[in-house]
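Notes follow the structure.
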Ligand SMILES: [Zn+2]
Ligand SMILES: [Zn+2]
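In the working numbering, the protein residues as written are 113 to 353.
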């Protein structure tokens with residue numbers, strides 16, 4: 113249904129960082145299939161807290177606790193980053209779920225808005241995008257080693273999203289709907305192409321695909337506006353920049 117992104121980079125200090133963007137259903141199972149250690153994830157960046165971006169965090173965290181408590185495993189500290197409401201949500205969640213406040217590794221929560229910050233040698237630029245009313249939703253731009261990628265989170269067409277994607281090598285955009293069957297709170301395939309063209313992106317990945325997108329050719333619809341490479345995202349897809 114919707115691939116989630118995992119980014120791995122090793123900066124010049126040999127500090128190994130592994131970033132994950134959102135944690136929706138199937139993310140944990142898919143991480144296991146990749147063969148890359150899930151216990152090396154150091155930062156999780158949430159766009160917003162609709163359950164399709166969040167639900168597998170609970171099983172992920174529980175698994176990390178079992179690994180470190182009972183299997184003698186070690187993992188680096190975990191930093192959870194997200195929009196307004198992140199601290200409130202995790203405070204309530206951790207206070208409710210048994211054992212979550214006693215994890216044997218350090219966990220911290222950070223709320224971010226429209227200000228760039230660094231994780232090692234990686235620059236992360238969060239930007240507020242327009243999704244549903246009264247919900248703070250972030251898109252993220254990740255810059256590392258002269259390359260840049262953008263992830264829309266869930267978003268309508270908005271100037272802020274075009275700005276976030278400006279000249280990136282790769283943009284992963286919310287393509288929930290088709291141009292002929294649009295919705296007010298998500299991009300459709302034609303708008304994904306429009307954002308990619310206006311921002312001048314190198315490569316476009318259509319993601320967050322709702323069932324309606326299987327009945328029409330979303331690549332073709334996006335391609336009416338954007339002449340660059342367009343990929344229809346799927347689980348376990350890996351793209352090297
Ligand atoms: Zn959403
Ligand atoms: Zn969503």
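Quick reminder that beta carbons are idealized off the backbone N, C-alpha and C, glycines included.
Using three-state DSSP, classify residue i as helix, strand or coil.
i           : result
residue 129 : strand
residue 249 : strand
residue 351 : coil
residue 336 : coil
residue 327 : helix
residue 372 : There is simply no residue 372 to check, as the chain begins at 113 and stops at 353 in what is shown.
residue 409 : Residue 409 cannot be examined here, being either before or after the span of the chain that is shown, 113 to 353.
residue 186 : coil
residue 180 : helix
residue 319 : strand
residue 244 : coil
residue 205 : helix
residue 153 : coil
residue 121 : Residue placement at residue 121 cannot be trusted, given a pLDDT of 49 that sits under 50; the coordinates are not used to answer.
residue 261 : strand
Just how far apart, CA to CA, sit residue i and residue j?
i           : j           : result
residue 209 : residue 238 : 29 Å
residue 207 : residue 305 : 43 Å
residue 287 : residue 143 : 23 Å
residue 123 : residue 218 : At residue 123, the pLDDT of 46 sits below 50, so the modelled position is not reliable and the matter cannot be decided from this model.
residue 324 : residue 198 : 31 Å
residue 147 : residue 140 : 11 Å
residue 352 : residue 260 : 12 Å
residue 223 : residue 156 : 12 Å
residue 196 : residue 279 : 27 Å
residue 229 : residue 181 : 32 Å
residue 137 : residue 162 : 11 Å
residue 277 : residue 193 : 20 Å
residue 311 : residue 178 : 44 Å
residue 233 : residue 252 : 16 Å
residue 214 : residue 284 : 35 Å
residue 175 : residue 183 : 11 Å
residue 211 : residue 289 : 40 Å
residue 149 : residue 135 : 15 Å
residue 328 : residue 267 : 21 Å
residue 145 : residue 295 : 33 Å
residue 332 : residue 200 : 42 Å
residue 342 : residue 242 : 23 Å
residue 205 : residue 330 : 37 Å
residue 221 : residue 165 : 17 Å
residue 227 : residue 185 : 35 Å
Could you tell me which of the options sits nearest to residue i, measuring between CA atoms?
i           : options            : result
residue 347 : 319, 340, 180, 246 : 319
residue 154 : 173, 316, 352, 338 : 173
residue 216 : 198, 187, 242, 226 : 187
residue 202 : 170, 260, 232      : 170
residue 257 : 327, 281, 350, 151 : 281
residue 151 : 165, 190, 164      : 190
residue 247 : 225, 327, 175      : 225
residue 326 : 227, 293, 164      : 293
Is the beta carbon of residue j closer than 8 Å to that of residue i?
i           : j           : result
residue 272 : residue 244 : no
residue 345 : residue 321 : yes
residue 167 : residue 265 : no
residue 316 : residue 291 : no
residue 307 : residue 274 : yes
residue 269 : residue 299 : yes
residue 313 : residue 340 : yes
residue 129 : residue 254 : no
residue 263 : residue 131 : no
residue 350 : residue 309 : no
Exercise. Would you list the residues whose beta-carbon is nearer than 5 Å to any heavy atom of ligand 1, in the order they occur in the chain?
Key: 162, 266
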